[in-house]
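Asker: As given, the protein sequences belong to chains Z and A, one line each in that order.
All residue numbers for the first sequence refer to numbering that gives the first Met the number 0, where the first residue is 0 and numbers rise by one.
All residue numbers for the second sequence refer to numbering that gives the first Met the number 0, where the first residue is 0 and numbers rise by one.
Just so it is clear, CB atoms sit at the ideal spot from N, CA and C, and this is done for glycine as well.
Once you've had a glance at the structure underneath, I'll fire off some questions.
2 protein chains.
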Amino acid sequence: MRGVAGAGGSAQRPRPNGRRALAFDPIAEASRHWRERFGETGPMAAVTSIMRAQQILLGEIDGILRPFGLSFARYEALVLLMFSRRGSLPMSKMGERLMVHPTSVTNAVDRLEQDELVRRMAHPTDRRTTLVEITDEGRARVERATTELMGVDFGLRGLDPAETARLTELITLLRQAAGDFT
Amino acid sequence: MRGVAGAGGSAQRPRPNGRRALAFDPIAEASRHWRERFGETGPMAAVTSIMRAQQILLGEIDGILRPFGLSFARYEALVLLMFSRRGSLPMSKMGERLMVHPTSVTNAVDRLEQDELVRRMAHPTDRRTTLVEITDEGRARVERATTELMGVDFGLRGLDPAETARLTELITLLRQAAGDFT
DNA sequence: CCCCAATAGTAGGACTTCCTAGTACCATGG
DNA sequence: CCATGGTACTAGGAAGTCCTACTATTGGGG
Numbered sequence: 000m001r002g003v004a005g006a007g008g009s010a011q012r013p014r015p016n017g018r019r020a021l022a023f024d025p026i027a028e029a030s031r032h033w034r035e036r037f038g039e040t041g042p043m044a045a046v047t048s049i050m051r052a053q054q055i056l057l058g059e060i061d062g063i064l065r066p067f068g069l070s071f072a073r074y075e076a077l078v079l080l081m082f083s084r085r086g087s088l089p090m091s092k093m094g095e096r097l098m099v100h101p102t103s104v105t106n107a108v109d110r111l112e113q114d115e116l117v118r119r120m121a122h123p124t125d126r127r128t129t130l131v132e133i134t135d136e137g138r139a140r141v142e143r144a145t146t147e148l149m150g151v152d153f154g155l156r157g158l159d160p161a162e163t164a165r166l167t168e169l170i171t172l173l174r175q176a177a178g179d180f181t
Numbered sequence: 000m001r002g003v004a005g006a007g008g009s010a011q012r013p014r015p016n017g018r019r020a021l022a023f024d025p026i027a028e029a030s031r032h033w034r035e036r037f038g039e040t041g042p043m044a045a046v047t048s049i050m051r052a053q054q055i056l057l058g059e060i061d062g063i064l065r066p067f068g069l070s071f072a073r074y075e076a077l078v079l080l081m082f083s084r085r086g087s088l089p090m091s092k093m094g095e096r097l098m099v100h101p102t103s104v105t106n107a108v109d110r111l112e113q114d115e116l117v118r119r120m121a122h123p124t125d126r127r128t129t130l131v132e133i134t135d136e137g138r139a140r141v142e143r144a145t146t147e148l149m150g151v152d153f154g155l156r157g158l159d160p161a162e163t164a165r166l167t168e169l170i171t172l173l174r175q176a177a178g179d180f181t
């Protein structure tokens, strides 16, 4: 269905969605065009690169998670609940930690609940709040999926540990400047 | 509507979707949890960071483009056409260069055509092929949008030019390993 | 003690991405 | 000369994101 990162090193692996590898880097190519016409192009190349990286990684990860009946969005929600002390959190807390819109949480929880991987519960004191609790099946599922994902480094290839750490570091600077945290 | 990247340096700017800055970095926090439980966490942190960076940048850019009646997806398509020699390209070529699924091109071109920023034309010799040509209005629009985007470094903040270049470089390694190009 | 602003969650809608299927057309081999 | 396989595009649908309301509930100030 997706290949789940088997096959070969890097060259002849079929592209996720049926595209094939190009003989040149289209981002570098575009960057060249920009430079000719506008001069500075660093930020544009970086932004385009990030967009593309996200697309690649999400495709890779979703492909790995598909056999588990999960998407990355729902997987992340399950992980968050698994890490929580009581195995449950208010929806609002989930949105905050996952850094997504409240309606995205509603969406994810709806689907997870349909699969009986989580359960909505009333909050004991605040009737506005909905608690989301991970089920035993949810725990089992996320545990297995995690093993699988870690086995393939979350689809991340081509970077050694130091480079991986540096990448995270640079993006942390970006995120801080964007106001993600103080 | 979105703020268009004005206001302040980094701290008190309202988050794109109404979330506010947290007092800690949720990705670092999650990474700590992972390390406790599973040991290695480098790839997971990097992947999560990229996902978040994409979300931030896309929100930023779409906010800037909204006054121009464009989204980033459609903007990229217009830029591609603007850079092409004849101002027109086959849809398939566009999908290849933009690295998106053919149906995504159809979608983007549909909307651009409704706004009369591009025009579908028959290919002179191959009747399977649809050529997409940028209109004068399309050129004008993308020109103005580009000025705006370059003025705010495509929403990229917090990195100096060297760091920006390094970020692109690291992601290029990732993309190459994923088979984006040879 | 009550009104009113803030908070929590959801419904509905716009947009994007991908996938699967289908149709139309080209190009090559028998 | 046609049959077959590959290419180009689109229709329909699933999933995710965000946004704008809207309802319910809470908690504080007058």
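Three or more C-beta pairs under 8 angstroms: does that hold for the segment 159-171 of chain A against the segment 35-42 of chain Z?
Answerer: Segments in contact, yes.
Asker: Applying the 10 Å Cβ sphere with the 16-neighbour rule, what's the burial state of GLY2 (chain Z)?
Answerer: Reliability fails at GLY2 (chain Z), whose pLDDT of 31 lies under 50, so the model's placement of it is uncertain and the value that follows must be treated cautiously. Burial call: exposed.
Asker: For PRO89 (chain A), does the three-state DSSP call read helix, strand or coil?
Answerer: Strand, per DSSP.
Asker: Here's the rule: buried if 16 or more other CB atoms are within 10 angstroms of the residue's CB, otherwise exposed. What is ARG156 (chain A)?
Answerer: So ARG156 (chain A) ends up on the buried side.
Asker: I want to see whether chain A comes within less than 9 angstroms of MET90 (chain Z), judged by CB atoms only; does it?
Answerer: Taking Cβ atoms only, chain A never reaches closer than 9 angstroms to MET90 (chain Z), which makes this a no.
Asker: For chain Z, is any of its Cβ atoms less than 9 angstroms away from the one on VAL108 (chain A)?
Answerer: No, VAL108 (chain A) does not count as interfacial toward chain Z.
Asker: According to the Cβ coordinates, are ALA52 (chain A) and ILE170 (chain Z) closer than 9 angstroms?
Answerer: Yes; because the gap between Cβ atoms is below 9 angstroms, this pair is in contact.
Asker: Please list the terminal residues of the continuous beta strand (DSSP E) segment that includes ALA22 (chain A).
Answerer: Element bounds for ALA22 (chain A): n/a, residue is neither H nor E.
Asker: Buried or exposed for GLY137 (chain Z), please, with buried defined as at least 16 other CB atoms from any protein chain shown within 10 angstroms of its CB.
Answerer: Buried is the call here.
Asker: Can you tell me the Cα-Cα spacing of ILE49 (chain A) and ILE55 (chain A), whole angstroms?
Answerer: Their Cα atoms are separated by approximately 10 angstroms.
Asker: Taking ARG174 (chain A) as part of the alpha helix (DSSP H), name the residues at either end of that continuous run.
Answerer: That run of the alpha helix (DSSP H) goes 160-176.
Asker: Using a cut-off of 9 angstroms between C-beta atoms, extract the partners of VAL104 (chain Z) located in chain A.
Answerer: Within 9 angstroms Cβ-Cβ: nothing; VAL104 (chain Z) doesn't reach chain A, min ~12 angstroms.
Asker: Kindly indicate which residue of Z:HIS122, Z:MET93, Z:ALA121 has the alpha-carbon position closest to the one of LEU21 (chain A).
Answerer: It is Z:MET93 whose Cα lies nearest to the Cα of LEU21 (chain A).
Asker: Thinking just about the alpha-carbon of each residue, which of Z:ALA144, Z:VAL46, Z:GLN175 is nearest to the one in ILE63 (chain Z)?
Answerer: Out of Z:ALA144, Z:VAL46, Z:GLN175, Z:ALA144 has the C-alpha closest to the C-alpha of ILE63 (chain Z).
Asker: On a CA-only basis, which of A:ALA29, A:VAL141, A:GLY154 is nearest MET81 (chain Z)? Give me that one, please.
Answerer: Comparing Cα positions, the closest option is A:ALA29.
Asker: Roughly how many whole angstroms lie between the Cα atoms of TYR182 (chain Z) and GLU95 (chain Z)?
Answerer: There is simply no residue 182 (chain Z) to check, as chain Z begins at 0 and stops at 181 in what is shown.
Asker: Need the endpoints of the beta strand (DSSP E) that MET120 (chain A) sits in, please.
Answerer: From DSSP, the beta strand (DSSP E) with MET120 (chain A) extends over 117-121.
Asker: Would you give the residue range spanned by the beta strand (DSSP E) that LEU130 (chain A) belongs to?
Answerer: Segment 129-133, the beta strand (DSSP E) holding LEU130 (chain A).
Asker: Nearest to VAL141 (chain A) by alpha carbon, out of A:GLY58, A:HIS122, A:ASP24, A:PRO66?
Answerer: Comparing Cα positions, the closest option is A:PRO66.
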